[in-house]
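Number of protein chains: 2
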Amino acid sequence: MGTATIRDVARQAKVSLKTVSRVINREGSVREETRARVQRAIEQLDYRPDLSARSLRSAKSYAIGLVYDNPNPYYIIAMQQGALTVCREMGFGLQIHPCNSRGPRLAEELRDLVRRSRLAGLVLAPPMSERVALLRELAAYNIPLVRVISAAEDPRDGFPCVFVDDRDAAYAITAYLIQLGHLRIGFLWGGKQHRSSPERYKGYEKALREYGVPLDEELVLEGDYSFDDGFRGARRLFGLAEPPTAIFGSNDEIAAGVLAAARAAGLHVPYDLSVAGFEDSPFSRHSWPSLTTSRQRTELISEHAARLLIAQIHGGNVANEGFSPELVVRGSTAPPRPRQ
Amino acid sequence: MGTATIRDVARQAKVSLKTVSRVINREGSVREETRARVQRAIEQLDYRPDLSARSLRSAKSYAIGLVYDNPNPYYIIAMQQGALTVCREMGFGLQIHPCNSRGPRLAEELRDLVRRSRLAGLVLAPPMSERVALLRELAAYNIPLVRVISAAEDPRDGFPCVFVDDRDAAYAITAYLIQLGHLRIGFLWGGKQHRSSPERYKGYEKALREYGVPLDEELVLEGDYSFDDGFRGARRLFGLAEPPTAIFGSNDEIAAGVLAAARAAGLHVPYDLSVAGFEDSPFSRHSWPSLTTSRQRTELISEHAARLLIAQIHGGNVANEGFSPELVVRGSTAPPRPRQ
DNA sequence: TTGCGTGTTGACAACGTTGTCATGAATGTC
DNA sequence: GACATTCATGACAACGTTGTCAACACGCAA
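Going down the list, the sequences are from chains A and B.
Sequential numbering of the first sequence, starting at 130, is according to the working numbering.
Sequential numbering of the second sequence, starting at 130, is according to the working numbering.
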């Protein structure tokens, strides 16, 4: 049968190529009757416009890129899903681009990606989204972009973004632990290359301050967003003269490491130790006990970022938008044991 | 600066468009000296061929699709990564396409995808890869495809594939448990829509048979590839008059559910109960205790599938290929407690 | 009647690339 | 030396679409 082209549609509807093009692109100036005739022909022939031809001819392109370097598959899949939803809705293509955030020529790499695949713009996930130098370079290449970043408020720095209030979410978790009665709460940092790490720490700090709980630097350990650092960090905290009664891991993987270390040390979670994570990964639901954590609607965030990007490409003047993760209480937290 | 086109390269190298095209596509019949001159011009101008124009003009396309409907993000990310590696190497684009494997008009959906995005072919992940009716429809649409399937041997049914020997891997796990001394080994099925499920069961069965361990149907429960079914299944097994001393969950999620159920029942893994999973997901490394499981090199498998597909598109006559997962022994398995 | 604005339509070129075919030069064969 | 064969190269059309511009029909005011 072959594939129907705009030419076949035009012939069938007895109009010119251009008129069909107008109908497809919802341009004005087509009589209702003509439009209907063309529509019928399109359906009869099951015609679909050819993306290559389209983006070749119009300087515009009909695809965006999703750029990430994040070892967390749940996060990435959710980001992809959100972006895809919007792309399908808007008739766009999506080009995924995992990359190395520490790569030496990242800006050039992304420029080449945009050129080669004729992308209309990029959605940047953390940590690329937080490297201002990179953003500036991309802006110099005239590449439209939308960032997903961790921030307590709209940065208003000219780069459009969707911002996630990690600080507030970490505040909520810490406040919850304090309300349970915990006064010594350990904090395990995530990787410094992610802006979410200091944000989460700030939330922790703020809650302690506001509730008048002293901040003991002994209880705060640096590390990475990894199981192993959670395990190691927890072991160090257990060895303190006055160990914490609760540990807040900066993400679920860290918290999983804490759970494992607690098991190894013979501590019973949550009775001997409360543990909280961050991210609401499936792990947090399936661990034992299941983890108290913070849920961000990654898919929605990504949808929003894609929408923002496409609106920007269409020349719209669109506002940034913020999301606040919500506290999810599960079985890994409880009031501390009464002092003996 | 704008983007350099083949025309600019031709001017700079003082040759015709066609000659540049020949150099790019590694066609024969270009003098070494000319080729070098063109290459230099390409590098000076940092020229990259435009994918849209290319695929518009040549009937050939320079992108393949990856089709999946699998709730396991680790698996999907690995599949994507493998396919991307090959695509970058070969100068192809990759279109990801998550879809609903039970959708009513899947074949049409995929045909439209291929047409719209001008895909040269598809890599199908399970369970789409196992639905023969779908394969036939796609073949009728002349869509080149490569499947990733679960099979003990090359099916030789005309549809190219990469096959993973789940049966053998399940055999290895079961045999290992038997060698530890287990005689009552529970088996929790995965979802029936995945061909890997019966394959894994067959491996379990075969090991019991070969080692002369009686197969007790009471110990075999159906379910899905989910944490909850693992939890429920384990609870039922614990309630038997003569409960199992080991449980083999058809994947790591099921095994995670078993771990949780064991915790809830006060059973100490691995001393009171051995647990084995399948897949080597990060969960299996981070659970407590970490899970004995089976590792498949998903990224390699996907790479191979993509290579097979591209070779097929190029008209090569390529052989199917098999992969065997390998046994990974961790802390969740041990010899059974001596009978009291 | 003329002139003008508006709404609808089509002819044609162009996007950047590759396929087809033609051309001329170099080489081999008798 | 004549002719066939191969090699290297280029001119040109074509892929399917959209942008530009012109043309036409219509209604309305002068």
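Here a beta-carbon is modelled for each residue, glycine too, at the ideal position from N, C-alpha and C.
Using DSSP with H/G/I as helix, E/B as strand and the rest coil, what is A/Pro454? By 1-based counting over the first sequence, the position of residue 454 of chain A is 325. DSSP places A/Pro454 in coil when its eight states are reduced to three.
Can you list, in chain order, the residues of its chain whose CB lies under 8 Å from that of A/Gln441, leaving out five sequence neighbours each side? In the first sequence, residue 441 of chain A corresponds to position 312, counting from 1. Within its own chain, the residues whose Cβ lies closer than 8 Å to the Cβ of A/Gln441, once the five positions on either side in sequence are excluded, are Gly250, Pro273, Val275, Pro289 and Val447, listed in chain order.
Sufficient close CB pairs (3 or more, under 8 Å) joining the stretch 308-323 of chain B to the stretch 343-360 of chain B: Touching, per the Cβ criterion.
If you pair each beta-carbon of the stretch 259-267 of chain B with each one of the stretch 206-218 of chain B, do three or more pairs fall below 8 Å? Segments in contact, no.
Count the other CB atoms within 10 Å of the CB of B/Ala375; is the residue buried (16 or more) or exposed (fewer)? Translated into positions along the second sequence, residue 375 of chain B becomes position 246. So B/Ala375 ends up on the buried side.
Meets three-Cβ-pair contact criterion under 8 Å: the stretch 399-417 of chain B and the stretch 331-346 of chain B: Proximity of the stretch 399-417 of chain B to the stretch 331-346 of chain B falls short of the contact definition, fewer than three beta-carbon pairs being nearer than 8 Å.
Grab me the residues of B/Gly378's own chain with a C-beta within less than 6 Å of its C-beta, minus the 5 sequence neighbours each way, in chain order. For this step, residue 378 of chain B is matched to residue 249 along the second sequence. Taken in chain order, the residues that qualify are Leu317, Gly359, Ala384, Val387 and Gly406.
Through-space distance from B/Ser461 to A/Gln210, alpha-carbon basis: Here residue 210 of chain A refers to the residue found at position 81 of the first sequence. Here residue 461 of chain B refers to the residue found at position 332 of the second sequence. Cα-Cα distance, rounded: 34 Å.
What residues match up with A/Tyr204 in a beta bridge as DSSP calls it? For this step, residue 204 of chain A is matched to residue 75 along the first sequence. For A/Tyr204, DSSP records no beta bridge to any residue.
Tell whether a beta-carbon distance below 8 Å holds between B/Ala391 and B/Val277. Counting from 1 along the second sequence, the entry for residue 391 of chain B is found at position 262. Counting from 1 along the second sequence, the entry for residue 277 of chain B is found at position 148. Taking 8 Å as the Cβ cut-off, B/Ala391 and B/Val277 do not qualify as a contacting pair.
With which residues is A/His226 paired in a DSSP beta bridge? Reading the first sequence from its first residue, position 97 is the one you call residue 226 of chain A. A/Val196.
Where DSSP assigns a beta bridge to B/Ile278, which residues make up the other side? What you label residue 278 of chain B is simply residue 149 of the second sequence in a count that begins at 1. B/Phe292, per the DSSP bridge assignment.
Taking 8 Å as the threshold (beta carbon to beta carbon), is B/Gln425 in contact with chain A? Here the question's residue 425 of chain B lines up with position 296 in the second sequence. No, no contact with chain A.
When you compare only the Cα positions, how much space is there between B/Val243 and B/Val252? Here residue 243 of chain B refers to the residue found at position 114 when the second sequence is read from its first residue. Here residue 252 of chain B refers to the residue found at position 123 when the second sequence is read from its first residue. Between B/Val243 and B/Val252, the C-alpha separation is close to 12 Å.
What does B/Ser258 reach in chain A if we use C-beta pairs closer than 8 Å? Here the question's residue 258 of chain B lines up with position 129 in the second sequence. Result: empty, since nearest Cβ-Cβ is about 19 Å, beyond 8 Å.
Taking only the alpha-carbon atoms, compute the straight-line gap between A/Phe452 and A/Gly194 and give it to the nearest angstrom. Counted from its first residue, the first sequence places residue 452 of chain A at position 323. Counted from its first residue, the first sequence places residue 194 of chain A at position 65. Using only the alpha carbons, I get a separation of about 22 Å.
Any C-beta of chain B under 8 Å from that of A/Gly460: Numbered from 1 along the first sequence, position 331 holds the residue referred to as residue 460 of chain A. Not one chain B Cβ lies under 8 Å of A/Gly460.
Local Cβ density within 10 Å of B/Ala201, reported as buried at 16 or more and exposed below that: Stepping through the second sequence from its first residue, residue 201 of chain B is reached at position 72. Reading the sequence as shown, one finds Asn at residue 201 of chain B and not Ala. Buried, since its Cβ has 16 or more Cβ neighbours within 10 Å.
In chain B, which residues lie with their C-beta within 7 Å of the C-beta of A/Tyr203? Mapped onto the first sequence, residue 203 of chain A falls at position 74. Neighbours of A/Tyr203 on chain B, chain order: Pro202.
Rounded separation between B/Ser246 and B/Asp381 - CA only: On the second sequence, residue 246 of chain B is found 117 positions in, with the first residue counted as 1. On the second sequence, residue 381 of chain B is found 252 positions in, with the first residue counted as 1. Spanning the alpha carbons of B/Ser246 and B/Asp381 requires a straight line of approximately 36 Å.
Would you mind sorting A/Gly362 into buried or exposed? The rule is 16 or more other CB atoms within 10 Å of its CB. Here residue 362 of chain A corresponds to residue number 233 of the first sequence, with the count starting at 1. Counting of Cβ neighbours within 10 angstroms places A/Gly362 among the buried residues, the total reaching 16 or more.
Please report how far the alpha carbon of B/Ser413 lies from the alpha carbon of A/Ser416, in whole angstroms. Within the second sequence, residue 413 of chain B is the residue found at index 284, counting from 1. Within the first sequence, residue 416 of chain A is the residue found at index 287, counting from 1. Cα-Cα distance, rounded: 11 Å.
Across which residues does DSSP place A/Ser184 in a beta bridge pair? On the first sequence, residue 184 of chain A is found 55 positions in, with the first residue counted as 1. Residue pairing for A/Ser184: DSSP places it in no beta bridge.
What span of residues does the alpha helix (DSSP H) with A/Arg361 cover, start to end? Stepping through the first sequence from its first residue, residue 361 of chain A is reached at position 232. Unbroken alpha helix (DSSP H) run through A/Arg361: Phe356 to Phe367.
Straight-line gap, A/Met130 to A/Ile439 (C-alpha atoms, nearest Å): For the purposes of this step, residue 130 of chain A is taken as residue 1 along the first sequence, with counting starting at 1. For the purposes of this step, residue 439 of chain A is taken as residue 310 along the first sequence, with counting starting at 1. Because A/Met130 sits at a pLDDT of 45, beneath the cut-off of 50, its placement in the model cannot be relied upon, and the point is left open.
With a threshold of 7 Å on Cβ separation, who are the neighbours of B/Val159 within its own chain once the five nearest residues in sequence on each side are excluded? Translated into positions along the second sequence, residue 159 of chain B becomes position 30. Cβ neighbours of B/Val159 beyond the five flanking positions: Thr148, Arg151 and Val152.
Within a Cβ cutoff of 8 Å, which residues of the same chain sit near B/Ile135, ignoring the five residues on either side of it in sequence? Looking up residue 135 of chain B in the second sequence gives position 6. A distance below 8 Å between beta-carbons, with the five flanking residues on each side excluded, links B/Ile135 to the following residues of its chain, in chain order: Leu146, Val149, Ser150, Ile153, Tyr176 and Pro178.
Residues of chain A with a CB under 9 Å from the CB of B/Asp409: which are they? Indexing the second sequence from 1 puts residue 409 of chain B at position 280. By Cβ distance, chain A contributes nothing, its closest Cβ being about 14 Å from B/Asp409, past 9 Å.
Quick one: measure Cβ to Cβ for B/Ala281 and B/Asp294, integer angstroms, because I've assumed they're closer than 8 Å. By 1-based counting over the second sequence, the position of residue 281 of chain B is 152. By 1-based counting over the second sequence, the position of residue 294 of chain B is 165. Correct: roughly 5 Å between the Cβ atoms.
If the cut-off is 8 Å on Cβ atoms, which residues from the stretch 203-237 of chain A count as contacting chain B, listed in chain order? Residues passing the 8 Å Cβ filter: Tyr203, Ile205, Ile206, Gln209, Gln210, Leu213, Gly222, Leu223, Gln224, Ile225 and Pro227.
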